[in-house]
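Peer 1: My questions will all concern the structure given below.
There are 2 protein chains.
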Amino acid sequence: MVSASTANVRGPYKNGIKRRREIIESAARVFGQFGYAGGSLRQIAQEVGVTPAALTRHFDSKEGLLVAVLDYWDEENDRTIPRSRQGLDRFLGMPTSVLHHTMDRGLIEMFLTVAAEASNPRHPANEHIRRRYERVIGNGVRELTRARELGQVHPMSDSEIVAEVRGAYALMDGIQLQWLIDPTIDLVATFKRCLGDIISKWTGHEVDWDAVARDGAETP
Amino acid sequence: MVSASTANVRGPYKNGIKRRREIIESAARVFGQFGYAGGSLRQIAQEVGVTPAALTRHFDSKEGLLVAVLDYWDEENDRTIPRSRQGLDRFLGMPTSVLHHTMDRGLIEMFLTVAAEASNPRHPANEHIRRRYERVIGNGVRELTRARELGQVHPMSDSEIVAEVRGAYALMDGIQLQWLIDPTIDLVATFKRCLGDIISKWTGHEVDWDAVARDGAETP
DNA sequence: GTCTATATCACGATAGAC
DNA sequence: GTCTATCGTGATATAGAC
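Now the structure itself:
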């Protein structure tokens, strides 16, 4: 984080930090609606109420702004995943993350659009997006492995664990894409049902989502 | 299809039809790599070896070209789904579609990139992409309903059927996205395993993918 | 820290020759 | 059917005033 070095400086920088944040949030909206290539600095600047020059002042270039936006998304996203959720709980908490996403369509729209665009090796955000998936899948593998050690799930080989974790996150991305295209579908209910299919194959018994919601409320 | 009206005309149009096809295939590559907004007619024209003016001659506008590319994708895709596959067979055949996609990365890259971009209501391809998902999900719902009537799967309510079908296609999109970002993952094996989780919840017994492959080879 | 002004460039689309 | 030439627009990024 660039702002970390200036966060505790007094006085005149406070406006800059606030403005910086405004720019990032506008940029997330614009990149989400038109993609990275399709969104323009002009458009973002107009939303914020400044000129394009102010944007390059803060972020050097359009690419620099994109990276800042992606970092912002990761922060927002991690906030919805309490570090206390370990083992099987990690996956039972996924619908909660999805629920949070429904309240900020811009971020998920931005992420999926940029992720698809950045899948090309020559895209400026390719490295960032690749590392992001590595991290997310890696964390999932760690927690499902933990669940296996704890006896929360049936025995699985390491490669089976990777496949199952990839499937769970693939389901999440895919359902969210369908919801972007048709927002009338019940995103959380659909996701719960399909994720429940997968998790119940792991554990051998049905998932009681109501009980999960109660437990989640007790220990947030 | 526009070319349908000229496909069986003699002589001088043959070159035009062939060129038209070249343009569409190049456009699919370029739109896949840079998105619709990010890809340019100049770039496509250069790949084909003509000037941008030739492109607008054939397709009127950039948007017209995009529509032609999406139609082309649908044709290519439908070719991998034999109409003979009904009921549960429809879903058992999904990994075959995915396998075909691995052999033409450009098309799946184009589709996912444009689908994410076009999720915005103001995107020129929004209507097209929305109808496409409606059709795909609708077909899936029809076949899973048929499977229910045939007793191939456990009883399910109509709304449960919709959720399960959405989940199956979400899984497919999501896994393909992960494969675009990291092509070293075993796309088909991962998809088979996770789809198997879902289908076995429907039927109550494990999916024997080897048997599916044998049956598919017998009746293509 | 933000502005105005501008340099430089690429875009989609069109007109008209061949 | 494709070309050359060009128009008008809008993009990123920079320079220098305030």
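Protein chains in written order, with this note's numbering: chain A, 1 to 220; chain B, 1001 to 1220. Don't be surprised by glycine CBs; every beta carbon is placed ideally from N, CA and C.
My guess is that residue 45 of chain A and residue 37 of chain A are in contact by the Cβ rule of under 8 Å, so how many angstroms apart are they, rounded?
Peer 2: Not really, about 17 Å apart at Cβ, beyond 8 Å.
Peer 1: In this structure, how does DSSP classify residue 1150 of chain B when only helix, strand and coil are distinguished?
Peer 2: Coil at residue 1150 of chain B, not helix or strand.
Peer 1: Jot down the residue ranges of each uninterrupted alpha helix (DSSP H) in the segment 106 to 185 of chain A, minimum 4 residues, whole runs only, in chain order.
Peer 2: Here the runs fully enclosed are 126 to 149, 158 to 181.
Peer 1: Can you tell me the Cα-Cα spacing of residue 132 of chain A and residue 168 of chain A, whole angstroms?
Peer 2: Residue 132 of chain A and residue 168 of chain A: Cα-Cα distance of roughly 16 Å.
Peer 1: How far does the alpha helix (DSSP H) with residue 1047 of chain B in it extend, from its first residue to its last?
Peer 2: 1041 to 1048 is the span of the alpha helix (DSSP H), which, as asked, contains residue 1047 of chain B.
Peer 1: Answer yes or no: do residue 1179 of chain B and residue 1187 of chain B have a C-beta to C-beta separation smaller than 7 Å?
Peer 2: Yes.
Peer 1: Measure the alpha-carbon distance for residue 1090 of chain B versus residue 1074 of chain B and round it to whole angstroms.
Peer 2: So the alpha carbons of these two residues sit roughly 17 Å apart.
Peer 1: Measure the Cβ-Cβ separation of residue 1146 of chain B and residue 1087 of chain B and say whether it is below 7 Å.
Peer 2: Against a cut-off of 7 Å, the Cβ pair of residue 1087 of chain B and residue 1146 of chain B comes out as a contact.
Peer 1: So, are the CB atoms of residue 1125 of chain B and residue 1041 of chain B less than 7 Å apart?
Peer 2: Cβ atoms of residue 1125 of chain B and residue 1041 of chain B: not closer than 7 Å.
Peer 1: Using a Cβ-Cβ cutoff of less than 7 Å, which residues in the same chain neighbour residue 1062 of chain B once the five nearest sequence positions on both sides are dropped?
Peer 2: For residue 1062 of chain B, where only same-chain residues beyond five positions count, the Cβ hits under 7 Å are 1041.
Peer 1: Check each residue of the segment 23 to 51 of chain A: if its Cβ is closer than 9 Å to any Cβ of chain B, include it; give the result in chain order.
Peer 2: Those residues of the segment 23 to 51 of chain A that come within reach of chain B (Cβ to Cβ, closer than 9 Å) are 32, 33, 34, 35, 36, 37, 38, 39.
Peer 1: Is the closest heavy atom of the ligand SAH to the C-beta of residue 27 of chain A under 6 Å?
Peer 2: Of ligands this structure carries none, so the ligand SAH is not represented either.
Peer 1: Quick check: the Cα distance between residue 1135 of chain B and residue 1027 of chain B, rounded to an integer number of angstroms?
Peer 2: Distance between the alpha carbons of residue 1135 of chain B and residue 1027 of chain B is about 24 Å.
Peer 1: Alpha carbon to alpha carbon, what distance is there between residue 81 of chain A and residue 96 of chain A?
Peer 2: Distance between the alpha carbons of residue 96 of chain A and residue 81 of chain A is about 8 Å.
Peer 1: Against chain A, with Cβ distances strictly below 7 Å, would residue 1120 of chain B count as a contact?
Peer 2: Yes, because at least one Cβ of chain A sits closer than 7 Å to the Cβ of residue 1120 of chain B.
Peer 1: Given a threshold of 16 other Cβ atoms within 10 Å of its Cβ, counted over all protein chains shown, does residue 1189 of chain B qualify as buried or as exposed?
Peer 2: The residue is exposed, with fewer than 16 neighbouring Cβ atoms inside 10 Å.
Peer 1: Indicate whether at least one CB of chain B lies closer than 7 Å to the CB of residue 96 of chain A.
Peer 2: By this cut-off, residue 96 of chain A is not an interface position.
Peer 1: So, does the CB of residue 108 of chain A fall closer than 7 Å to a CB anywhere in chain B?
Peer 2: No, because no Cβ of chain B sits closer than 7 Å to the Cβ of residue 108 of chain A.
Peer 1: Report the residues of the segment 141 to 160 of chain A with a CB closer than 8 Å to any CB of chain B, ordered along the chain.
Peer 2: For the segment 141 to 160 of chain A, which is checked against every Cβ of chain B, the residues closer than 8 Å are 160.
Peer 1: For a contact meaning CB atoms closer than 9 Å, what does residue 18 of chain A contact in chain B?
Peer 2: Those within 9 Å of residue 18 of chain A in chain B number zero; the least Cβ separation is about 28 Å.
Peer 1: Please state if the CB of residue 1108 of chain B and the CB of residue 1069 of chain B are separated by a distance shorter than 7 Å.
Peer 2: Cβ distance not < 7 Å, so residue 1069 of chain B and residue 1108 of chain B don't count as in contact.
Peer 1: Select from B:1092, B:1017, B:1039 the residue whose C-alpha is nearest the C-alpha of residue 1200 of chain B.
Peer 2: For residue 1200 of chain B, the nearest C-alpha among the options comes from B:1092.
Peer 1: Restricting to Cα atoms, I'd like to know which of B:1032, B:1059, B:1034, B:1039 is closest to residue 1019 of chain B.
Peer 2: Nearest C-alpha to residue 1019 of chain B: B:1059.
Peer 1: What is the residue span of the alpha helix (DSSP H) that residue 70 of chain A lies within?
Peer 2: Segment 62 to 79, the alpha helix (DSSP H) holding residue 70 of chain A.
Peer 1: Mapping the DSSP letters down to three states, classify residue 1103 of chain B as helix, strand or coil.
Peer 2: Residue 1103 of chain B: coil per DSSP, three-state reduction.
Peer 1: Along the segment 1059 to 1086 of chain B, where does the CB come closer than 7 Å to a CB of chain A? Name the residues.
Peer 2: Result list empty, no residue passes.
Peer 1: Along the alpha helix (DSSP H) that carries residue 88 of chain A, what are the first and last residues, could you check?
Peer 2: That run of the alpha helix (DSSP H) goes 88 to 92.
Peer 1: Is it buried or exposed, residue 1039 of chain B, if we count other Cβ atoms within 10 angstroms and call 16 or more buried?
Peer 2: With 16 or more other Cβ atoms within 10 Å, it is buried.
Peer 1: What residues of chain B sit near residue 171 of chain A, judged by a beta carbon separation below 8 Å?
Peer 2: Chain B residues near residue 171 of chain A: 1167, 1170, 1171, 1174, 1194.
Peer 1: Counting only Cβ pairs nearer than 8 Å, list the residues of chain B close to residue 130 of chain A.
Peer 2: Simply 1181, 1182.
Peer 1: Beta-carbon separation of residue 191 of chain A and residue 175 of chain A under 7 Å?
Peer 2: Yes, these two residues count as a Cβ contact at 7 Å.
Peer 1: Give a yes or no on whether the C-beta atoms belonging to residue 1177 of chain B and residue 1112 of chain B are separated by under 7 Å.
Peer 2: A contact, by the Cβ cut-off of 7 Å.
Peer 1: Got a sec? Which residues, its chain only, sit under 7 Å from residue 1120 of chain B by beta carbon, not counting five neighbours each side?
Peer 2: Once the five neighbours on either side are set aside, the close Cβ partners of residue 1120 of chain B are 1126.
Peer 1: For the segment 194 to 210 of chain A, list every residue whose C-beta sits within 8 Å of some C-beta in chain B, in sequence order.
Peer 2: From the segment 194 to 210 of chain A, only 194, 197, 198, 200, 201 have a Cβ closer than 8 Å to chain B.
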